[in-house]
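Here the structure comes first, spelled out in structure tokens, and everything after it is commentary.
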Amino acid sequence: MGATPPPAGSDQASVSAASPTAAGPGSTFAAFVVDRAGDAVDAGVRTLVPDDLLPGEVLIRVRWSAVNYKDGMVTRPGNRVARLDRLIPGVDLVGTVLASDEPTIAVGQEVIAHGYDLGVAHHGGFAELARVPAAWVVPLPEGLTARRAATIGTAGFTAALSLHRLEHHGLEAARGPVLVTGASGGVGSLAVSLLASRGYRVVASTGKSSEHEYLLGLGAAQVIGRHDLVSASERTLGPERWAGAVDCVGGPTLSAVLRTLDYGAAVAASGLTGGNTFESTVYPFIVRNVSLIGIDTVQTPIGERRSVWDEMATAWPSPVLDGMVDDELGLDQLGPALDRILSGGVRGRMLVRPAP
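Be aware that the sequence shown starts at 1185, since it is given in the numbering used here, and climbs by one per residue.
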């Protein structure tokens, strides 16, 4: 719908856009900004004006965002994720349209934006205002509140897309247990609950023994330790254990999953908290016919994005979503929260409310 998204912004911190300017001349807003000079990074809350935002057809009053692993990565010195020297992070947002140059997007409409360049090469959701291309905007599905949409966010979209890809590959509940790694994190928590609600027998893998009850409460039939998974499968091929898997970890965990998938099964891989490289032989692929499916939610076409969001509106019961919220933060609390998500100290989701 609407215009094609513009190319990623330049390294300029401020790009004046002719429209929309509904925030009003002389108005200011708060934003969490990451300033980068070489390998040095300075991050904190800044006061900006609307002309500090990058071009786009839709101006949004941000009501909610959420903390994702990628948001933490852009604050690290020397990172290769951020593509602006001055960046407002926040790879997803939910808010209300203040102004729009796209006829199909109305002022006052509640909308969602995530993926594409948001929070990486285009200012993101950690601010009271955001301006984005119309082609990035998804209407908030009927029956879904803004807060719960933020709880789902990029993490829930990743979980849902992982299940879509696995089912397209042939996964069915009757085939056997499905493994979710990194299960207590945002993507993992939402994947456990989504799979369980579809009738799958879910085995949740976590490195945190304190989260077993939490994961059982989300619908996991069994909880295992991360080290149990890795140490049990050091051979070239381990025992066949999983009809499918959602891997949110990468690294040695992904290696272990590949060695223990059932014949013809697949793993949907979306994470790198355990490392961005993994070791494998060709044997899982040529002896057991397994498949490794990469999950990229950044460039998902807008039509598929809207369809998945419409499905997700009723995929999780409201009490389940509310129970996944680990913390609710203001902009001034983001610094420690971003450190926390990088260290693996988050259960479920941390929401951000830019304005009190």
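Where is the CB? At the ideal position from N, CA and C, for every residue including glycine.
Does the Cβ of Pro-1423 have 16 or more other Cβ atoms within 10 Å, making it buried, or fewer, making it exposed?
Exposed.
My output table needs one value for Ser-1527: the three-state DSSP class, helix, strand or coil.
In the three-state DSSP reduction, Ser-1527 falls in the coil class, being neither helix nor strand.
Taking DSSP as the reference, what is the three-state secondary structure of Ile-1477?
Ile-1477 falls in the strand class under three-state DSSP.
Going by CA-CA distance only, name the one from Asp-1301, Leu-1237, Ala-1450 and Val-1407 that's closest to Val-1258.
Answer by Cα proximity: Asp-1301.
Which first and last residues belong to the alpha helix (DSSP H) in which Thr-1437 is found?
Counted as a single uninterrupted DSSP element, the alpha helix (DSSP H) harbouring Thr-1437 occupies residues 1435-1444.
Cβ separation of Leu-1363 and Ile-1336, assumed to be a contact under 8 Å, to the nearest whole Å
Going by Cβ atoms, the distance from Leu-1363 to Ile-1336 rounds to 22 Å, so no, they are not a contact pair.
Consult DSSP for Asp-1511 and reduce its assignment to one of helix, strand or coil.
Three-state result, Asp-1511: strand.
Considering only their Cβ atoms, is the gap separating Thr-1461 from Gly-1478 smaller than 8 Å?
For the 8 Å CB-CB criterion, Gly-1478 and Thr-1461 do not form a contact.
Beta-carbon separation (whole angstroms), Thr-1457 vs Thr-1338, contact threshold 8 Å:
For a cut-off of 8 Å, the C-beta gap from Thr-1457 to Thr-1338 is around 14 Å, too long to register as a contact.
At 4 residues or longer, and completely inside the stretch 1209-1283: list those alpha helix (DSSP H) runs for me, N to C.
List check, alpha helix (DSSP H) in window: 1253-1257.
Using beta-carbon positions only, say whether Arg-1270 and Val-1217 come within less than 8 Å of one another.
Against a cut-off of 8 Å, the Cβ pair of Val-1217 and Arg-1270 comes out as a contact.
Going along the chain, which residues of its own chain have a beta-carbon closer than 6 Å to the beta-carbon of Gly-1528, five neighbours each way excluded?
If you ignore the 5 residues before and after Gly-1528, its C-beta comes within less than 6 Å of no other C-beta in its own chain.
Same chain, Cβ closer than 7 Å to Glu-1512, neighbours up to 5 away in sequence not counted:
A distance below 7 Å between beta-carbons, with the five flanking residues on each side excluded, links Glu-1512 to the following residues of its chain, in chain order: Leu-1535 and Arg-1537.
Status (buried if at least 16 other CB within 10 Å, exposed otherwise) for Asp-1506:
Its Cβ having fewer than 16 others within 10 Å, Asp-1506 is exposed.
Below 8 Å, can you find three or more Cβ-Cβ pairs linking the stretch 1462-1473 to the stretch 1490-1502?
The stretch 1462-1473 vs the stretch 1490-1502: no contact.
Helix or strand or just coil, what does DSSP make of Thr-1205?
Caution applies to Thr-1205, whose pLDDT of 44 falls short of 50 and renders its modelled position unreliable; the value that the coordinates give is listed next. Three-state DSSP puts Thr-1205 in coil, outside helix and strand.
Taking 8 Å as the cut-off, decide whether the C-beta atoms of Asp-1431 and Ala-1404 are in contact.
Asp-1431 is not a Cβ neighbour of Ala-1404, given a cutoff of 8 Å.
Between the alpha carbons of Gly-1262 and Arg-1524, how many angstroms are there, rounded?
Gly-1262 and Arg-1524 have their C-alpha atoms roughly 19 Å apart.
Classification of Gly-1572 by the beta-carbon crowding that lies within 10 angstroms, buried from 16 upward
Because the chain here runs from 1185 to 1540, residue 1572 falls outside it and cannot be looked at.
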